[in-house]
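Novice: Mapping the sequence shown onto numbering that gives the first Met the number 0, position 22 (from 1) lands on 21, and the numbers just tick up by one.
Positions of the beta carbon are idealized from the N, C-alpha and C atoms, including for glycine.
What you are looking at is a predicted structure, and each value in this text was computed from that prediction instead of being measured.
Take this structure, written in structure tokens, and hold onto it; I'll ask about it next.
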Amino acid sequence: MERFMNVDVVAQVAQWLEPRDLLRFAVINKTTWNFFLRMKAIWRKSRKDFSLRNQMVCQLPECPPDLTEIQYTSMIFGPPSKCSVKLCRSDKTTVFLEARLQLCNECLVNTYEQPL
Numbered sequence: 000m001e002r003f004m005n006v007d008v009v010a011q012v013a014q015w016l017e018p019r020d021l022l023r024f025a026v027i028n029k030t031t032w033n034f035f036l037r038m039k040a041i042w043r044k045s046r047k048d049f050s051l052r053n054q055m056v057c058q059l060p061e062c063p064p065d066l067t068e069i070q071y072t073s074m075i076f077g078p079p080s081k082c083s084v085k086l087c088r089s090d091k092t093t094v095f096l097e098a099r100l101q102l103c104n105e106c107l108v109n110t111y112e113q114p115l
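If you want it as structure tokens, here you go:
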């Protein structure tokens with residue numbers, strides 16, 4: 000990235016991006032991905048600023064210690080993933096942060112909910 004753009008300029012611009020936009024920017028190519036992988040503070044600031052701007056809508060919890068900032072941002076703001084249950088092809092999922100899973104409603108009921 001240093002060959003094409005001033006790293007300081009990229010870092011300054013990235014500070015003002017929302018998490019979803021920052022994620023889109025990071026996945027442009029391998030060079031930008033590697034650059035943003037090292038910039039943990041930018042991800043943290045983006046997430047905290049998002050929480051401050053959207054206090055009435057949602058308050059994001061802190062990044063869990065077993066996830067990197069990028070993994071956490073991808074889980075919450077990334078495009079919907081396929082359901083985590085093997086052989087399910089649904090892409091209409093809900094994120095269950097505590098379990099680190101994305102599940103469709105059918106798999107949630109059939110696989111994880113226990114009858115009383």
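Helix, strand or coil: which one does DSSP assign to V26?
Specialist: Coil, per DSSP.
Novice: For a minimum of 3 consecutive residues, which ranges assigned as the beta strand (DSSP E) are wholly contained in the segment 29 to 107?
Specialist: 93 to 95 and 100 to 102
Novice: Mind the definition here: the segment 22 to 31 touches the segment 46 to 66 only if three or more C-beta pairs lie below 8 Å; say whether that holds.
Specialist: Because the criterion of three Cβ pairs below 8 Å is not met, the segment 22 to 31 and the segment 46 to 66 do not touch.
Novice: Taking just the CA atoms, how far does P79 sit from S89?
Specialist: In this structure, the CA atom of S89 is about 10 Å from the CA atom of P79.
Novice: Measuring alpha carbon to alpha carbon, tell me which of F34, A98 and A10 ends up nearest P63.
Specialist: A98
Novice: In angstroms, rounded to a whole number, what distance separates the CA positions of E61 and E17?
Specialist: 16 Å
Novice: Could one say the Cβ of F24 lies closer than 8 Å to chain D's Cβ atoms, at least one of them?
Specialist: Note that chain D does not occur in the displayed structure, where there is just one protein chain.
Novice: Output needed for V26: all residues of its chain with C-beta closer than 8 Å, excluding positions within five of it in sequence on either side, in chain order.
Specialist: W32
Novice: Take V94 and list the residues in its own chain whose beta-carbon comes closer than 7 Å to its own, dropping the five residues that flank it on each side.
Specialist: M74, I75 and Q101
Novice: With 16 other CB atoms within 10 Å as the buried threshold, where does P40 fall?
Specialist: It should be pointed out that residue 40 corresponds to Ala in this sequence rather than to Pro. Within a 10 Å sphere around the beta-carbon of A40 sit fewer than 16 other beta-carbons, which makes this residue exposed.
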